[in-house]
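Peer 1:
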Amino acid sequence: MTTAPANVNFDKGLGNTIAAETEMSFIDGQNGILEYVGIEIDALARNSTFEEVVYLLWNRRLPKKAELDAFTKEIRAEYDLPQPIWDMIRSMPKDAKPMHALRTLVSALSLHDAEVEDPSNEANQRKSIRMLAKTPALIAGFDRHRKGKDFVKPDRNADIATSFLTMLNGEAPTETMARALDVCLILHADHGLNASTFAARVTIATLSDMYSAMTTAIGTLKGPLHGGANEAVMELLNEIGDIDQVEPTIMHKLKNKDRIMGFGHRVYKAYDPRATYLKTFAKQIAEDTGNKKLYEMSSKIEEIMDREVASKGIYPNVDFYSATTYASIGLEIDLFTPMFAMSRIAGWAGHCIEQLADNRLIRPGAHYVGPHEQPYVPLEKR
Ligand code: ACO
29 MTTAPANVNF
39 DKGLGNTIAA
49 ETEMSFIDGQ
59 NGILEYVGIE
69 IDALARNSTF
79 EEVVYLLWNR
89 RLPKKAELDA
99 FTKEIRAEYD
109 LPQPIWDMIR
119 SMPKDAKPMH
129 ALRTLVSALS
139 LHDAEVEDPS
149 NEANQRKSIR
159 MLAKTPALIA
169 GFDRHRKGKD
179 FVKPDRNADI
189 ATSFLTMLNG
199 EAPTETMARA
209 LDVCLILHAD
219 HGLNASTFAA
229 RVTIATLSDM
239 YSAMTTAIGT
249 LKGPLHGGAN
259 EAVMELLNEI
269 GDIDQVEPTI
279 MHKLKNKDRI
289 MGFGHRVYKA
299 YDPRATYLKT
309 FAKQIAEDTG
319 NKKLYEMSSK
329 IEEIMDREVA
339 SKGIYPNVDF
349 YSATTYASIG
359 LEIDLFTPMF
369 AMSRIAGWAG
379 HCIEQLADNR
389 LIRPGAHYVG
399 PHEQPYVPLE
409 KR
């Protein structure tokens, strides 16, 4: 076995490597701090809207009222899908997983965007708006198709969260439901150089195109070690089934050294700041919707985890209470990760534009550990 060259670091998983600069989000994992452009996530979750947060991430400042109005108008004008994309959704297998459908459909949108190969900053910003605006229709459209229902067109008079829930359910959501989704969209919009954002930056750094970068990112988000964890939390809650079963199930899992989904984080060794507000919010939603069981079970799990493993720096992460929140507003489990994608498109697109502003091909090395000096053996002699 050879050794790595002396001047090169071997950092499996790149956990100790800084690979890019960003002005969008700041994370202090030891103290449980997340800021978007210097503003604490808690203040944004309490006071802002998803559209305003996207403006903040993309422009590095909060908009004035007229700027926010203009930005919102631009997004809403792009809500609807080209007819061939509606037709394509109709042609998809009904048993396909929504994340597969979403990845395919975002890629397909590129076929109907005349600016797909225009690499200018202005065109990339317009494409970012289009992808952000159209993703809700892709997800809701596929969900209605798989249930054999007619499509519901986007509501251009409503914000992204409200329009999405209207398309999904065929009726306007209550204010509580729309606000719950809006808060989740704010909390998931950007998070440093996470796996899917890194994947998006790698793709755009080759001077590919924005749609290819988003498609790469969606494929990367899908994995259960990344965006897929929120679905695993809901599966855990379903497995537990009832409040009486929380203590025995969790203790049994901890004894078996099983991971409790929705707890722990590679970066946060304190309470995930995204979970702090979401916990309060999940409680309020449970009260408003009368759907208290999931919140009560989640709260009990947290109590046990706090007693048993908080000393190791294991606390609830964003997925823990977002699962409860999504379920309380009636979303099916396999739509949880698409909700993450719908929000994180803001971060992915912002990072791609940031990467292009000071681009260098991202190309780490691999440490070769195979054999050397092997003879070539002709086919007939192997
Ligand atoms: N449940 C129980 N114990 C845990 C958990 C958990 N969820 N997470 C970590 N631990 C324990 C480990 O068993 C280990 O204990 P030990 O020291 O006695 O062996 C200790 O805490 C440290 O664990 P590591 O594996 O070193 O932690 P790491 O930082 O590598 O893992 C990860 C982070 C992958 C997120 C992990 O906590 C986990 O698997 N969590 C569950 C899945 C999940 O919720 N993922 C979503 C993350 S947030 C997001 O992607 C948006």
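Quick note: the sequence shown uses the numbering used here, first residue 29, plus one each step. C-beta atoms are modelled at their ideal positions from N, C-alpha and C, and glycine is treated no differently.
(1) From P201 to A168, what distance separates their C-alpha atoms?
(2) Going by beta carbon distance, what residues of the same chain come within less than 7 Å of E336, once the five residues before and after it are set aside?
(3) Classify I67 as helix, strand or coil using the three-state DSSP reduction.
(4) According to DSSP, is K148 helix, strand or coil?
(5) Helix or strand or just coil, what does DSSP make of F291?
(6) Under three-state DSSP, which class holds L137?
(7) Can you tell me whether DSSP reads L209 as helix, strand or coil?
(8) Just how far apart, CA to CA, sit S326 and Q273?
(9) For the segment 60 to 73 against the segment 288 to 301, are there 3 or more C-beta pairs whose distance is under 8 Å?
(10) For the segment 341 to 359 and the segment 310 to 329, state whether three or more C-beta atom pairs, one from each stretch, are separated by less than 8 Å.
(11) Is it the case that the Cβ atoms of A161 and Y107 are separated by a distance below 7 Å?
(12) Kindly indicate which three-state DSSP category P344 falls into: helix, strand or coil?
(13) Shorter than 6 Å, the distance from the beta carbon of K291 to the closest heavy atom of ligand 1, or not?
(14) Could you name the residues of the same chain whose beta carbon sits closer than 7 Å to that of R184, not counting the 5 residues immediately before and after it, in chain order?
(15) Looking at ligand 1, does it come within less than 6 Å of K125, judged from the CB to the closest heavy atom?
(16) Buried or exposed: which applies to R391, given that a residue is buried once 16 or more other Cβ atoms fall within 10 Å of its Cβ?
(17) Drop a sphere of 10 angstroms on the beta-carbon of K250, count the other beta-carbons inside from all chains shown, and report buried for 16 or more, exposed for fewer.
(18) Compare the beta carbon distance of T365 and G255 with 7 Å and say whether it is the shorter of the two.
(19) Compare the Cα-Cα distances from Q383 to each of Q111, P147, G43 and K101 and report the closest residue.
Peer 2: To lay it out plainly:
(1) Cα to Cα, P201 sits roughly 14 Å from A168.
(2) Only residues of its own chain outside the window of five on either side were considered, and among them L282 have a CB closer than 7 Å to the CB of E336, listed in chain order.
(3) Judged by DSSP in its simplified three-state form, I67 adopts strand.
(4) Reading off the sequence, residue 148 comes out as Ser, not Lys. It is coil, neither helix nor strand.
(5) Note: F291 maps to strand in three-state DSSP.
(6) In this structure, L137 counts as helix in the three-state DSSP scheme.
(7) The three-state reading of DSSP puts L209 in helix, counting H, G and I together.
(8) A direct Cα-to-Cα measurement between S326 and Q273 gives close to 12 Å.
(9) When Cβ pairs closer than 8 Å are counted between the two stretches, the segment 60 to 73 is seen to touch the segment 288 to 301, the count reaching three or more.
(10) Counting Cβ pairs under 8 Å, three or more are found: they touch.
(11) In contact: A161 and Y107 (Cβ atoms closer than 7 Å).
(12) Looking at P344 - three-state DSSP - the assignment turns out to be strand.
(13) Reading off the sequence shown, one finds Phe at residue 291, where the question assumed Lys. The answer is yes for F291.
(14) R104 and Y107, listed in sequence order.
(15) Checking every heavy atom of ligand 1 against the Cβ of K125, none is found closer than 6 Å.
(16) Burial is judged here by how many other beta carbons sit within 10 angstroms of a residue's own beta carbon; R391 has fewer than 16 and is exposed.
(17) Residue environment analysis places K250 among the buried positions, since at least 16 neighbouring C-beta atoms fall within 10 angstroms of its C-beta.
(18) Note that the C-beta distance between T365 and G255 is below 7 Å.
(19) Among Q111, P147, G43 and K101, the Cα nearest to that of Q383 belongs to P147.
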